[in-house]
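Participant: In this note's numbering, the protein residues as written are 67 to 147.
Think of the CB as a built atom: it goes at the ideal place given N, C-alpha and C, for glycine as much as any other residue.
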Amino acid sequence: MIQVHLWSSLRSLTGGQQVVEVEAATTGELLKELVRHHPRLQAPIDAGVSVAVDGRIIATGLSEPIPEGAEVYLMQRLRGG
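1. Can you tell me whether R132 is buried or exposed? The criterion is at least 16 other CB atoms within 10 Å of its CB, across all chains shown.
2. Using a 10 Å radius around the Cβ and a threshold of 16 neighbouring Cβ atoms, would you call L107 buried or exposed?
3. Taking just the CA atoms, how far does G94 sit from V36?
4. I'd like the list of long-range same chain contacts for E137, defined as Cβ closer than 6 Å, with 5 residues on each side in sequence excluded.
5. Under 8 Å, do L140 and V70 count as touching if we go by C-beta distance?
6. With a Cβ-Cβ cutoff of 8 Å, do L96 and V85 count as a contact?
7. Taking 8 Å as the cut-off, decide whether the C-beta atoms of P110 and L76 are in contact.
8. Just to check my reading of the structure: H104 and L79 have Cβ atoms closer than 8 Å, yes? What is that Cβ distance to the nearest angstrom?
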């Protein structure tokens, strides 16, 4: 199981949980499983989120492997101006 730390603005969509657990081997599986367990996350995921694995923002797509024991954060996509 992977522990996913949620950005503060996403926590209200998971009943206030700061950390949720899902079974996933890649970033794509991670997002799919998050929505399966917490359907209210679908809209922000569709709007764009960033996934950080061990301190690195994943920008290579949905096939990036997630190693066992990795530190994973789900954040709403940061936008600049």
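Facilitator: Quick look at the numbers:
1. Going by the sequence as given, residue 132 is Ile instead of Arg. Around the CB of I132, 16 or more other CB atoms lie within 10 Å, so the residue is classed as buried.
2. Burial call: buried.
3. There is simply no residue 36 to check, as the chain begins at 67 and stops at 147 in what is shown.
4. Non-local C-beta neighbours of E137 in its own chain, meaning closer than 6 Å and more than five positions away in sequence, comprise D120, ordered along the chain.
5. In this structure, V70 lies closer than 8 Å to L140 by Cβ.
6. In this structure, the beta-carbon distance from L96 to V85 does not fall below 8 Å.
7. Their beta carbons are under 8 Å apart, which means P110 touches L76 by this criterion.
8. H104 to L79, Cβ: 6 Å. Contact.
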